[in-house]
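> Residue numbers (the numbering used here), protein chains in the order written: chain A, 1 to 228; chain B, 1001 to 1228.
There are 2 protein chains.
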Amino acid sequence: MARLAVTRPEGAPERGEAQEAILDAAEIVFGESGFHGATTRAIAVRAQANAALIHYYFGSKEALYEAVIARRAGAINDERRARLAELHATGAVTLEALLDTLLRPTISLGRDPSRGGAHYTRVLGHAASGTDERSHRVTSAYYDGIARVFIAEIAAIVPGLSREGAVRGYLNAIAVAISLMAPTGRVQDLSDGTLADDDLEEMLGGAVRFVAAGIRALAAPGSKPGAA
Amino acid sequence: MARLAVTRPEGAPERGEAQEAILDAAEIVFGESGFHGATTRAIAVRAQANAALIHYYFGSKEALYEAVIARRAGAINDERRARLAELHATGAVTLEALLDTLLRPTISLGRDPSRGGAHYTRVLGHAASGTDERSHRVTSAYYDGIARVFIAEIAAIVPGLSREGAVRGYLNAIAVAISLMAPTGRVQDLSDGTLADDDLEEMLGGAVRFVAAGIRALAAPGSKPGAA
DNA sequence: GCTGCTTTTAATCAGGCGATTAATTAAGGA
DNA sequence: TCCTTAATTAATCGCCTGATTAAAAGCAGC
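(1) Just to confirm the assignment, what range does the alpha helix (DSSP H) spanning Arg46 of chain A have?
(2) Tell me, please, whether the region 152–163 of chain A touches the region 1149–1161 of chain B by the rule of three or more beta-carbon pairs shorter than 8 angstroms.
(3) Establish whether the CB of Met1001 of chain B and some CB of chain A are separated by less than 8 angstroms.
(4) Are any of the Cβ atoms in chain B nearer than 8 angstroms to that of Glu257 of chain A?
(5) Give a yes or no on whether 8 angstroms exceeds the smallest Cβ distance from Leu95 of chain A to chain B.
(6) Please compile the residues from chain B whose C-beta is within a distance smaller than 7 angstroms of the C-beta of Gly185 of chain A.
(7) Taking buried to mean at least 16 other C-beta atoms within 10 Å of its own C-beta, is Ala1228 of chain B buried or exposed?
(8) Answer with buried or exposed for Leu212 of chain A, where buried requires no fewer than 16 other C-beta atoms within 10 angstroms of its C-beta.
(9) Report yes or no: do the region 1024–1033 of chain B and the region 1111–1128 of chain B share at least 3 C-beta pairs separated by less than 8 angstroms?
(10) How close, in whole Å, do the beta carbons of Arg171 of chain A and Arg1186 of chain B come, if the pair is a contact with beta carbons under 8 angstroms?
(11) Is Phe161 of chain A helix, strand or coil by DSSP?
(12) Can you give the Cα-Cα distance for Glu201 of chain A and Val167 of chain A, rounded to whole angstroms?
(13) Among residues of its own chain, excluding the 5 on either side of Lys61 of chain A, which ones have a beta-carbon nearer than 6 angstroms to its beta-carbon?
(14) Spell out whether any CB of chain A is found under 8 angstroms from the CB atom of Ser1108 of chain B.
(15) Suppose only complete runs of 4+ residues qualify. What are the alpha helix (DSSP H) ranges in the region 105–138 of chain A, listed by chain order?
(16) Exposed or buried, what is Val1176 of chain B when buried is set at 16 or more other beta-carbons lying within 10 Å of its beta-carbon?
(17) May I ask you to list, following chain order, the residues of the region 207–222 of chain A that have a beta carbon less than 9 angstroms from some beta carbon of chain B?
(18) Would you verify that the beta carbon of Thr233 of chain A is, or is not, closer than 8 angstroms to some beta carbon of chain B?
(19) Establish whether the CB of Gly1011 of chain B and some CB of chain A are separated by less than 8 angstroms.
(20) Return the chain-ordered list of same chain residues with a C-beta closer than 8 angstroms to the C-beta of Gly11 of chain A, the five sequence neighbours on each side being excluded.
(21) Could you tell me which chain A residues have their CB closer than 9 angstroms to the CB of Asn1172 of chain B, listed as they occur along the chain?
(22) In angstroms with no decimal places, state the Cα-to-Cα distance between Gly145 of chain A and Tyr1057 of chain B.
(23) What's the C-alpha gap between Ile1069 of chain B and Gly1117 of chain B?
(24) Tell me the residue span of the alpha helix (DSSP H) that contains Thr1090 of chain B.
(25) Tell me which residues share the same chain as Arg111 of chain A and place their Cβ nearer than 7 angstroms to its Cβ, disregarding the 5 neighbours each side in the sequence.
(26) Got a sec, what are the start and stop residues for the alpha helix (DSSP H) Val93 of chain A sits in?
(27) According to the neighbour-count rule (16 or more other Cβ atoms, all chains shown, within 10 Å of its Cβ), is Pro105 of chain A buried or exposed?
(28) Going straight from the alpha carbon of Glu1020 of chain B to that of Ile1107 of chain B, what length do you get?
(29) Quick one: which chain A residues come within Cβ less than 8 angstroms of Ala1025 of chain B?
(30) From Tyr1143 of chain B to Ala1049 of chain B, what does the alpha carbon distance come to, in whole angstroms?
(31) If we require 4 or more residues per run, which alpha helix (DSSP H) segments fall completely within the region 169–204 of chain A?
(32) Do you know offhand how far Arg1115 of chain B's Cα is from Thr131 of chain A's?
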C-alpha cells in the first residue's frame, strides 16, 4: 500500500539511506552475477538490510534492476547532453570531441570508486550483450534516445558517412567502451605481466582515437560496394 | 560409472545423436538466457531428450556449458590457425588480412544456420562480458592461446605499435565482432526502419576496415604521452 | 503517553531448480 | 539363449529462489 508512495512520490522522493544502500548493493551483485545469477538475499546481505525491504521499496527483483539502471543512466545522459550543448556553443565540434563527449561520462563514472566504480559498467555489459526481453527493454528505454542524438551528430560531422555507418560506428564505440570499462581480467592475462596503467585520460584518449579512426574508415571509398 | 567412458573416451568418442542434440539445444538456451537464466529442463525439452540425460552424458550443467564452448572454439581456432599459416605461406601478410583471418571464422559460423547460427556468438557474448569465475575460466582456456598468437602478429605488422596497443586492439576487435554478430535488435531500433543488410562480406569487410584503422591510430604519434 | 502512520523484522510460502535414483529397455558377446 | 553393459526413462529428492505476511519497532502530531 505505502509502497507506491515510497518508490515514486510526486514531489521530492527523498530516497532514504536504506534504499540507496540496496541500490548500491544491487549494482554490485547484478554486475558480478547478472540478473539471473544475482539473488535478492545476496543483495540484502551486502546492503545489510532485511530481504523483505527490497520488495517493500522496489516491488520486485526486476523493478530493482531497472531502478539500478535508471539511477545511473539518467545522470550519465544528462551529462552527455550538457557537454554536447557546450560543444556546440563553443563551435569546436569534431568527431574526436563528439566521441569524448559520448564516452567520458561513462568511463569517468566507471573510474570513480565513490560512485560504484566499474560495477554499473558491468551491469551495462550484461544488458548490452543480452538478447532477452528485459535487456532489450532496458537499453532501449534508457539509451536509445541519446543514441539517436549521437548517431545524427556523427553522421553530420563525418563527410560521406551513411546513416548505416553512423549506427555501426556508434555501436562499435559503445562496444569498445564497455570492453574497456568492464575489465574481465583479460588484459592482465594477455599482457605478460606488463599491466596496462589505468590513467583515465589515457584510456579515454585511446578509445576515442581508435573509434574515430574506425568511423572515418567506414566513410572512406569502398565502404558500400564489395571491395574485398 | 559409464559416464566417464562416454564423455571422453580415449580413441574415437563418436558422440551420439542425443548428445549433439543436447549440445545444440544448450547452445540456443545458454545463448538466449545466459548460464544462470538457462535451465537444464528447458535444454532437455528443446533437445527432445530426458532431463537426466544431460547429467548422464555431461555430468553437470556447468560441464555442459563448457562442452558447448569447447565444441565450437576448437573448430574456430583450428580454422584461424590454418588460415594464418596459409597467409604466411603466400607472404601477403597485412593488418587487414590478419583481422580477416581472425574474424572470418567466427562471423562465418555466426551466419551459418546449419551450424547453430548466431547462438554460439551470443554465448560468447555472455562469456566475454562476464566477470565471474566461470566466464574467466572459459575464455582463458579456449581463447587465450589464439589471442596471444594474433596479438604478436598484430604487434609485428603495425609499425610503432606497442604490445599494450596490440592487446587493446585485439580486445577491441573481439568486442566489435561480438557486438556485430550477437544482434540484440539494437541496429533495427536505431536505423529508423532502414534495416542493414546482412551480407557476410560486407559485414566482415566493414569490421575489418574499422578495426584496422583503429589499431593504426593507436600506433600513431601521441599514443603514449598525454596528448589530450 | 496515547494514536496512527511508516518502516523494519523474522518467519514462512509455494514453486522451480539441479541433481539423483531405481527401474526399464536396447544392444552385443559368448 | 543368456548375461553383461550401455542407454533411457519417470519419479523424486533436498535446496534455494522470489515473494508474502503478520507482527514488532520507530516516530511523528497532539
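Glycine included, each C-beta is placed from N, C-alpha and C at the ideal position.
Computed from a prediction, not measured in an experiment: that's the story for all the values here.
From the atom records:
(1) Element bounds for Arg46 of chain A: Thr40 to Ala47.
(2) no
(3) Note that Met1001 of chain B has pLDDT 34, beneath the 50 cutoff, so the model's placement of it is unreliable and no number is given.
(4) Coverage of chain A is limited to positions 1 through 228, which leaves residue 257 of chain A absent and any answer about it impossible.
(5) no
(6) His1136
(7) Any reading at Ala1228 of chain B is ruled out, since the residue's pLDDT is 39, under 50, leaving its predicted position unreliable.
(8) Note that residue 212 of chain A is Ala in the sequence shown, not Leu. Classification for Ala212 of chain A: buried.
(9) yes
(10) Residue identity check: residue 171 of chain A is Leu in the sequence provided, not Arg. So it is a contact: roughly 6 angstroms between Cβ atoms.
(11) Just to set this straight, residue 161 of chain A is Leu in the shown sequence, not Phe. Of the three classes helix, strand and coil, the one that applies to Leu161 of chain A here is coil, per DSSP.
(12) 25 angstroms
(13) Thr40
(14) no
(15) 119–129
(16) buried
(17) Ala207, Arg209, Phe210, Val211, Ala212, Ala213, Gly214, Ile215, Arg216, Ala217, Leu218, Ala220 and Gly222
(18) A query on residue 233 of chain A cannot be resolved here, the shown segment of chain A reaching from 1 to 228 and no further.
(19) In this predicted model, Gly1011 of chain B has a pLDDT of only 28, less than 50, meaning its place in the structure is not dependable; the value taken from the coordinates is given anyway. For Gly1011 of chain B, the answer is no, since every Cβ of chain A falls outside 8 angstroms of its Cβ.
(20) Its pLDDT being 29, under 50, Gly11 of chain A is placed unreliably by the model, and the measurement read from it follows with that caveat. Result list for Gly11 of chain A: empty, nothing under 8 angstroms.
(21) Asn172, Ala175, Val176, Ser179, Leu180, Ala207, Phe210, Val211 and Gly214
(22) 47 angstroms
(23) 14 angstroms
(24) For Thr1090 of chain B, the uninterrupted alpha helix (DSSP H) segment begins and ends at Lys1061 to Thr1090.
(25) Leu200
(26) Here Val93 of chain A belongs to no alpha helix (DSSP H), and DSSP marks it neither H nor E.
(27) The residue in question, Pro105 of chain A, is buried, as its Cβ has 16 or more Cβ neighbours within 10 Å.
(28) 22 angstroms
(29) Those within 8 angstroms of Ala1025 of chain B in chain A number zero; the least Cβ separation is about 16 angstroms.
(30) 31 angstroms
(31) 186–190
(32) Roughly 19 angstroms separates the two Cα atoms.
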